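Participant: Chains as they are written, first to last, in our numbering: chain H, 400 to 928; chain U, 9 to 309.
For glycine and all other residues, C-beta sits at the position ideal for the given N, C-alpha and C.
None of these values were measured; they are calculated from a predicted model.
Got a structure for you, written out below as structure tokens; questions coming shortly.
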Amino acid sequence: MKKTIVFLLIFLVVLSFSAAADNGKIIVGIGEEPDTLDPNQTTRFHSYMILSHVVEPLFTLDKDYNVIPLLLESYDWSDDGLKMTVNLKQGIKFHNGAELTAVDVKASYERYFAMSPLANYLPAKNGGIYQIDTPDKYTVVFHFKTAKPLALYHMADAHVSIMPEEWLSNTEAEKIGRTELIGTGPLQLDEWVSGDRIVMSRFDDYNHAPDFISNPGPAKSAQMIFRVVPEDATMMAELMAGNVDFTFDVPPSSVKVLESKPDLRVETAPTYSVQYLAMNMQKSVIKDKDMRLAVAHAVNKEQIAKAAWFGVGKKIDGLINKATIGYWPGVKNIAYQYDPEISKQILSDLGWEDNDGDGIREKDGQKLELTLITFSNIDQWRKAGEIVQAQLAKIGIKINLETAEVGATYDRAETGDYDIGIFRNTWWLGQPYLRFLVHSSGIGSSNYGQWSTPELDKNIEIAGSSMSLAERTEALNEVQKTVVESGVWVPLVSNSNIFVAKDDVVGVDEMLTHPWWPPLMRALLLHKE
Amino acid sequence: MSVSKKEAKQQVEIEVAEKEVIASGQFWRIFKRNKLAIIGALIIIGVVLIAIFAPVIAPYDPTVQDYDNLLQPPSLDHPFGTDDLGRDLFSRVAYGARYTLLVGIGVVVIVAVVGSVLGFVAGYYGGKIDSLIMRFVDIMLAIPALVLALAIAGALGGGLWNVIIAIGAVGWTQFTRIVRAEVLKLRESEYITAARALGASDFKIIAHHIAPNMMAPVIVYITLYVPSAILWAASLSFLGLGVQPPYPEWGALIANGRAYISFAWWIATIPGLAIMLTVLGFNFLGDGLRDALDPRMARDL
């Protein structure tokens, strides 16, 4: 009897220990492995989301989209808007024990300007920062060539995060963002096993979180492990088996099923991600505005939101949606409404008729056939492609749907090797996003429609450089209006972030109070009781 | 010996003809006994009939989308359920048989024509041309086949005919080897030597004496190659390089259903079973044909 009790006690002790060990660790399922965690090199979403736990920019955004200081005590603009003086918070530690100082900020900004493919707004080449002074240990002075009203937003981007100057200059380039990453963030990088997992542990000296987060630091969970689970079906199985504590990477189709599982919590929230139809202005048939309008009126966005995004997406009217800074509500009044009868009328007026009864219109012996490209490896886009194909078939346009993986599809989009494409873009700030998509400098690359006008270019510039908010807003509204009216871009659907967590993960409620559930909140708050 | 050339030639032809009669009698006797081969033949006949009569069998248009009936499980209305765009899966699988068989047959035609011509030339003429062809075959075989097929399909772009070309371009090498080996064997046989001694032309020897005797191994190989071609096509479609939507090729159906496997198993599983059954049918038939046509290799003799 005694023996049994002793055994039982030992068993209980072992059990409680193993349970305690488990509590200190959160396993995050990620659908795509980062290319690199170097903030100055990557342009990918997953890389950005993961490196943001480790490194931090000077500023961050609060729940109302206001830019607030993160690594600094205060900042001050000169009256002409050409000089910005930053006073760093004292005592902020890097993961290697060094203190954050002005030279680290200077070195990090210079590395960002030199390396990052995303460094467009802030660098000197576009009228931005041409000189950085460090008058003392905690003071940084940024000198701008011209006034840059959106500078703060760009300085809140984790792609321009602060890393220690000494470490940057003494570390082999290929190690940065691969085997090592040193920042001021709440988690430090321990290990990256390629194709399998990225292990991060709590940084105990972290204590400078902004006020809108209840926990100033350090993080509540001792460890966060990012497990690479590239297949949707595998992710679902892992979630249901309880092997993953939370993830953002589940397809919209799975929301209903996951919601029915009692031990899982599923939340959705609108994002600033936009899926749209782009029409290639280099192609003769689609170059005709009437033809583009025929297509625009034949596309039923609600059906796409319902079937391809399983209702976890919303019909949108403009190229930037409600969750993005710079959204223009007036866009809903000018968007082309779904009405296939109008489309048919337009096509008939243009002389395209179906004379041989095969369901495809023709003119001068040419059939009305167009190539539609989109991504093959993401279910929602392939489906959106098939739905648009079916919708256009109803008005007599034959769509040859050509799907390929993301890289190959973007290559075709950039070089203009397509008629119509379904693409997506994600950014929370309207001006640089529209500059990326519709400015003439993007023709041949990010301007997939391969079209712009001097007027558009001018308004994009004003929206990024005018010191008057009213002027900037008006210019950006004008851009959004032109874009939709041209019919070159037909906004379709904005999807939602989907968040799935096991019900024993604590901190989810507070994280959901922020519109984007930022990595900083995730790292500081999520834990298991 | 005063037999004229003509008489001697007739004698050779009669002997060959008798051999074939014996062979075909034996063929049916052995083939009939092989139950698996009969099952295989029945499966293939079934698939062919489904492919031909798809418009009659299918209750719905396989491309019509119904957004109110997404991911419906199998029911009386939809015997195989519906897919992620509300399309009737039974109709899609039925129409899909067409693409699957078309790919299988198309590839085999390419492989058989290219492989036979090169194999005949290499085996019959030998020498430098033989070395040239066979070394090229060796080079082709040194490249991983799926990678090569992917590269070709990638360069040509997706689509049914491009898939057939891509797989055919990869598959002819084995066939060339088999044909060449057979030709080498037959070339040295006595009746060929006799025919040659009697002055028959190369074409006549190949067409009348070698080709008919090659039919057995060729038929067996073709039957056994169709399932590989079907699986290849399914792999390419699965990787997004095959038949493009909305056409319901089975491999593409599986690729589409993969994301839903944990809660809508039927979308990927049923086309998967269809592929398995068809491949099995061809393999059973191929094994049966081999046993029956080549008694030396038969297990039950």
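1) Between which two residues does the beta strand (DSSP E) holding Asp908 of chain H run?
2) What are the start and end residues of the alpha helix (DSSP H) that includes Tyr107 of chain U?
3) Strictly under 8 Å for the Cβ-Cβ distance: is Arg100 of chain U near chain H by that measure?
4) Please look up how many angstroms separate the CB atoms of Met448 of chain H and Pro831 of chain H, rounded, as I've assumed it's under 8 Å.
5) Residues in the same chain with beta-carbon distance under 7 Å from Ser446 of chain H, minus the five sequence neighbours each way, listed in chain order, please.
6) Comparing the C-beta of Arg781 of chain H with each C-beta of chain U, is any distance below 8 Å?
7) Report the three-state DSSP secondary structure of Ser270 of chain U (helix, strand or coil).
8) Under 9 Å, CB to CB, which of the residues in the region 439-473 of chain H have a partner in chain U?
9) Buried or exposed for Pro438 of chain H, going by 16 or more other Cβ atoms inside 10 Å?
10) Which chain U residues sit within Cβ distance under 8 Å of Gln702 of chain H?
11) Do Trp780 of chain H and Ile715 of chain H have their beta-carbon atoms positioned less than 8 Å apart in this structure?
12) Since Gly134 of chain U meets chain H, which of its residues come closer than 7 Å, beta carbon to beta carbon?
13) Report yes or no: do the region 253-261 of chain U and the region 92-109 of chain U share at least 3 C-beta pairs separated by less than 8 Å?
14) Excluding the 5 residues preceding and the 5 following Ile491 of chain H in the sequence, name in chain order all residues of the same chain whose CB lies nearer than 8 Å to its CB.
15) Per DSSP, what kind of secondary structure is Glu622 of chain H in: helix, strand or coil?
16) Rounded to a whole number of angstroms, what is the C-alpha to C-alpha distance between Gln182 of chain U and Tyr268 of chain U?
17) Per DSSP, Gln931 of chain H is paired with what?
18) List, in order along the chain, the chain U residues whose C-beta lies closer than 8 Å to that of Gln788 of chain H?
19) Assuming Phe611 of chain H and Pro563 of chain H are in contact, meaning their beta carbons sit under 8 Å apart, how far apart are those beta carbons, in whole angstroms?
20) So with CB distances below 8 Å, who are the chain U contacts of Pro650 of chain H?
21) Lys688 of chain H: which of H:Val454, H:Ser893, H:Val887 and H:Phe444 sits nearest, CA to CA?
22) Just to confirm before moving on: does the CB-CB distance between Val234 of chain U and Val116 of chain U stay below 8 Å?
23) Flag this pair as touching only if the region 205-216 of chain U and the region 170-178 of chain U have three or more C-beta atom pairs under 8 Å; answer yes or no.
24) What are the residues in the region 677-711 of chain H lying within 7 Å of chain U by C-beta distance?
25) Taking only three categories from DSSP, how would you classify Pro918 of chain H?
26) What are the start and end residues of the alpha helix (DSSP H) that includes Tyr233 of chain U?
27) Verify whether the separation of the beta carbon atoms of Asp662 of chain H and Asp902 of chain H is less than 8 Å.
28) Is the Cβ-Cβ distance between Ala501 of chain H and Val559 of chain H less than 8 Å?
29) Does Leu800 of chain H get closer than 8 Å to chain U when you measure Cβ to Cβ?
30) Ignoring anything shorter than 4 residues or poking outside the region 697-724 of chain H, list the alpha helix (DSSP H) runs there in chain order.
31) Quick check on DSSP: helix, strand or coil for Trp727 of chain H?
32) Taking DSSP's pairing of strands, which residues face Val892 of chain H in a bridge?
33) Could you give the distance in angstroms between the alpha-carbon of Ile745 of chain H and the alpha-carbon of Ala693 of chain H?
34) Ignoring anything shorter than 4 residues or poking outside the region 810-892 of chain H, list the alpha helix (DSSP H) runs there in chain order.
35) In chain H, what lies closer than 8 Å to Asp96 of chain U by C-beta?
36) Using DSSP bridges, identify the partner residues of Glu740 of chain H.
Facilitator: On the basis of the data shown:
1) Note, Asp908 of chain H: premise wrong, no beta strand (DSSP E); alpha helix (DSSP H) at Val907 to Met910.
2) Leu97 to Tyr133
3) no
4) About 19 Å; that fails the 8 Å criterion.
5) Pro433, Asp434, Thr435 and Leu436
6) yes
7) coil
8) none
9) buried
10) Tyr75
11) no
12) Per Cβ cutoff of 7 Å: no residues; Gly134 of chain U is ~45 Å from chain H at best.
13) yes
14) Leu470, Glu498, Leu499, Thr583 and His607
15) Checking the sequence, you will find Gln at residue 622 of chain H rather than Glu. In this structure, Gln622 of chain H counts as strand in the three-state DSSP scheme.
16) 38 Å
17) Nothing about residue 931 of chain H can be read from this structure; chain H reaches only from 400 to 928.
18) Pro253 and Pro254
19) So it is not a contact: roughly 27 Å between Cβ atoms.
20) Ala267
21) H:Val887
22) yes
23) no
24) Gln702, Lys705 and Ala706
25) helix
26) Ala219 to Phe246
27) yes
28) no
29) yes
30) 700-706
31) coil
32) H:Gln674 and H:Lys714
33) 6 Å
34) 829-837, 853-864 and 868-885
35) Here the premise fails: no neighbours, minimum Cβ distance about 14 Å.
36) DSSP output for Glu740 of chain H lists no bridge partner at all.
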